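Here the working numbering is used: the first residue of the sequence shown is 1449, the next is one more, and so on.
We put the CB at the ideal spot given by N, CA and C, even for glycine.
As the structure is a computational prediction, the values presented were derived from the model and not from experiment.
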Amino acid sequence: MAETDMNDVLKPFYERAYEAEDRLSKLEAALSSKKDSGNEDLLKMISDLQSKLQHAEAETISEREKAQKDIQKLTVENAKLHYRVNHLVRALKEADCKLEA
């Protein structure tokens, strides 16, 4: 009889413990799904940022190559202009010498 009374006394505590464990498992599941959802958002944001970075790097490389080509063209043009200036200066000196003579 004492054992039956003890089981009757403990029965509400066992039920509450079971309910608490059930609620805890539901909360853990909900928290886990929220973490996964948050991670997916972060992973998507990281992926977007990486693709933007790759695009920017490709654009920078393209602009650098274009700038190098422009520098080469300008260097050649500058050399041609220096040659022409030297030629014109020489021709001017020769003309001055002829006028003085």
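Is Ala1478 helix, strand or coil by DSSP? helix
Going straight from the alpha carbon of Gln1498 to that of Lys1492, what length do you get? 10 Å
Rounding to the nearest angstrom, what Cα-Cα distance links Ser1481 and Phe1461 in this structure? 30 Å
Can you give me the C-alpha to C-alpha distance between Leu1472 and Leu1458, rounded to a whole angstrom? 21 Å
Can you grab the Cα-Cα spacing for the pair Ile1509 / Glu1548, in whole Å? 58 Å
Rounded to the nearest angstrom, what separates Cys1545 and Asn1526 at their Cα positions? 29 Å
Taking only the alpha-carbon atoms, compute the straight-line gap between Ala1504 and Lys1528 and give it to the nearest angstrom. 36 Å
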